[in-house]
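Chains as they are written, first to last, in our numbering: chain A, 1 to 196; chain B, 197 to 392.
2 protein chains.
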Amino acid sequence: MVETTTRDRLVSEAMRLFGQQGYRATSVAQIEAAAGLAPGSGALYHHFKSKEALLAAGIDRQLDRRGAMRDVRALFAGLGDLDTELTLLGRYLFAVLDEETQLLQIAARTPAGQSARVAAAYAALVDGLCAELADWIAGWAPHLADTDAHRIAVLGINALLGNRAGQMLYHGPGTQLRDEDYLTEWTTLLGARIRA
Amino acid sequence: MVETTTRDRLVSEAMRLFGQQGYRATSVAQIEAAAGLAPGSGALYHHFKSKEALLAAGIDRQLDRRGAMRDVRALFAGLGDLDTELTLLGRYLFAVLDEETQLLQIAARTPAGQSARVAAAYAALVDGLCAELADWIAGWAPHLADTDAHRIAVLGINALLGNRAGQMLYHGPGTQLRDEDYLTEWTTLLGARIRA
DNA sequence: GTCTATACGCCGATAGAC
DNA sequence: GTCTATCGGCGTATAGAC
């Protein structure tokens, strides 16, 4: 994943800075400097017609990289008992969220209805993860109504999202748990609910 | 809670706007206008020496209003069975979070280590809620180790935080569940874990 | 305490040389 | 494609009249 073109570098550095500082707080000059161009020169505008177009390109690239909704039921089914599969699934969901860290940060720091593209990308991510988890739950607990499986999934995803949100805000070691411990507890909680 | 002084109105409107748009994206002129002053006039600077001092005053007011850590174990203990108490406790935790909406929004939109005051206020809130919930759990499940009770509490609080974070980002009706349904599922999940 | 007026800097974006 | 130079606008903050 070595960046070749200046355009790619601009997108990468812009998304990194947008995530760290927010869209408005990041200046075009700063992005240019991070991409190895002279800060303050309008060099960026030979690749994007505006700063907003650059954000849109970054979101679109993130959406392109995002694989199609995986059928987690097929991926993880039959690997072992419920707790084992659930732990693996939790690690997988954390990994997906970490791939989308920049998007999550940008979404959190974008004033509500400012960018429809950002909101749509965020909604698609969360809804997709909930659907995947709900699907897997339904496979293990056929006796559960679909709405129940969905509710458990929403809560499970929110628990993972809340963890990453907390890490973004604390940014220090904080009082947060280690990922391993958190996932263990997450597995225990959801496993007990699904079995019941 | 009718605002009397101009200073109070400035703080209230500033915190509202900071929450909606973020600190940097909110201009002093906008705050002045919202407080009924002439936008662009430096009238604000007769009450605060800078925009940053205004934010600090807002955070401090939020901290002052925040009651001392309540002993939820004493508040909710003996009201009924575990599920009943847990539901009430969940409603209470949601209510506390909703009182702190502005702080949560500001924290989310403040670029990491920008304001130590904001980070400290956020950390104190989350740590306090986790401690309260862990305390209550320990009361119902004496057989559980303290570290286990704490882990369950962290996950429970994160699940509630994740829900409110999602509401802040969707801001539309979205796919989110109704509070009632979400709390029901939250209660079921944590209840099953505590009993086990 | 609030106003008008203004200083001064930074930002997004454009023009034109190379 | 990247640079220097620059325009116009908006941002924070200040000075001084009332």
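Note that beta-carbon positions come from the ideal geometry of N, C-alpha and C, so glycine has one too.
Among the options, which one has its Cα closest to the Cα of residue i?
i                       : options                                   : result
leucine 129 (chain A)   : A:Arg151, A:Glu52 and A:Arg117            : A:Arg151
alanine 210 (chain B)   : B:Thr201, B:Val198 and B:Ile227           : B:Ile227
leucine 169 (chain A)   : B:Gly254, B:Arg313 and B:Arg262           : B:Arg313
glutamine 105 (chain A) : A:Leu93, A:Arg91, A:Ala121 and A:Thr6     : A:Ala121
serine 12 (chain A)     : A:Phe94, A:Ile59, A:His46 and A:Trp186    : A:Ile59
glutamine 258 (chain B) : B:Gln298, B:Leu329, B:Asp342 and B:Thr280 : B:Gln298
arginine 73 (chain A)   : A:Tyr182, A:Leu183, A:Thr6 and A:Ala134   : A:Ala134
alanine 123 (chain A)   : A:Val28, A:Ala95 and A:Val154             : A:Val154
glycine 156 (chain A)   : A:Glu99, A:Gln114 and A:Gly90             : A:Gly90
proline 39 (chain A)    : A:Leu54, A:Asp64 and A:Val28              : A:Val28
threonine 380 (chain B) : B:Thr343, B:Glu281, B:Gly362 and B:His339 : B:Glu281
leucine 356 (chain B)   : B:Arg266, B:Asp342, B:Glu376 and B:Ala253 : B:Glu376
leucine 75 (chain A)    : A:Leu55, A:Leu144 and A:Leu93             : A:Leu93
alanine 249 (chain B)   : B:Ser311, B:Arg266 and B:Glu296           : B:Ser311
So for residue i, helix, strand or coil by DSSP?
i                       : result
aspartate 135 (chain A) : helix
aspartate 71 (chain A)  : coil
glutamine 21 (chain A)  : helix
threonine 187 (chain A) : helix
glycine 254 (chain B)   : helix
arginine 374 (chain B)  : coil
arginine 66 (chain A)   : coil
threonine 84 (chain A)  : helix
valine 207 (chain B)    : helix
leucine 275 (chain B)   : coil
threonine 200 (chain B) : coil
alanine 392 (chain B)   : coil
histidine 150 (chain A) : helix
alanine 165 (chain A)   : helix
alanine 159 (chain A)   : helix
leucine 325 (chain B)   : helix
Kindly list the residues whose CB is nearer than 6 Å to the CB of residue i, restricted to its own chain and excluding five residues on each side of it in sequence; keep chain order.
i                       : result
arginine 164 (chain A)  : Leu97
arginine 9 (chain A)    : Glu3 and Ala35
arginine 305 (chain B)  : Gly218
alanine 345 (chain B)   : Ala330, Ile333 and Ala334
threonine 222 (chain B) : Leu213 and Phe214
So, at 8 Å on beta carbons, what are the nonlocal neighbours of residue i in its own chain, with the 5 sequence-adjacent residues on each side left out?
i                    : result
leucine 82 (chain A) : Trp140, Gly191, Ile194 and Arg195
alanine 95 (chain A) : none
Starting from the C-beta of residue i, find all residues in its chain whose C-beta is less than 7 Å away, skip the five residues before and the five after it, and write them out in chain order.
i                      : result
alanine 273 (chain B)  : Gly335
threonine 6 (chain A)  : Ala35 and His47
alanine 239 (chain B)  : Glu228 and Leu233
glycine 362 (chain B)  : Gln372
tyrosine 182 (chain A) : Asn163
Regarding residue i and the ligand MN, is the C-beta to nearest heavy atom distance less than 6 Å?
i                        : result
methionine 265 (chain B) : The ligand MN is absent from the structure shown, which contains no ligand whatsoever.
Contact list for the region 266-285 of chain B against chain A, Cβ threshold 9 Å: none
Quick one: complete beta strand (DSSP E) runs, 3+ long, within the region 282-322 of chain B? Taking only runs of at least 3 residues, no beta strand (DSSP E) segment lies wholly in the region 282-322 of chain B.
Would you mind listing the alpha helix (DSSP H) stretches within the region 219-249 of chain B that are 4+ residues and don't spill past its ends, in chain order? 224-230
Return the residues of the region 139-155 of chain A that lie within a Cβ-Cβ distance of less than 9 Å from chain B, sorted by chain order. Thr147, Asp148, His150, Arg151, Ile152, Val154 and Leu155
Residues in the region 179-190 of chain A having any Cβ partner in chain B nearer than 9 Å: Asp181, Tyr182, Thr184, Glu185, Trp186, Thr188, Leu189 and Leu190
Residues in the region 114-132 of chain A with C-beta within 8 Å of chain B's C-beta atoms, listed in sequence order? Ala119, Tyr122, Ala123, Val126, Asp127 and Cys130
Going along the region 290-307 of chain B in order, which residues come within less than 8 Å of chain A, judged by CB to CB distance? Ala303, Ala304, Arg305 and Pro307
Using Cβ-Cβ distances below 7 Å, what residues of the region 232-247 of chain B are close to chain A? none
Got a sec: which bits of the region 5-29 of chain A sit with their beta carbon under 8 Å from any beta carbon on chain B, in order along the chain? Gln20, Gln21, Gly22, Arg24 and Ala25
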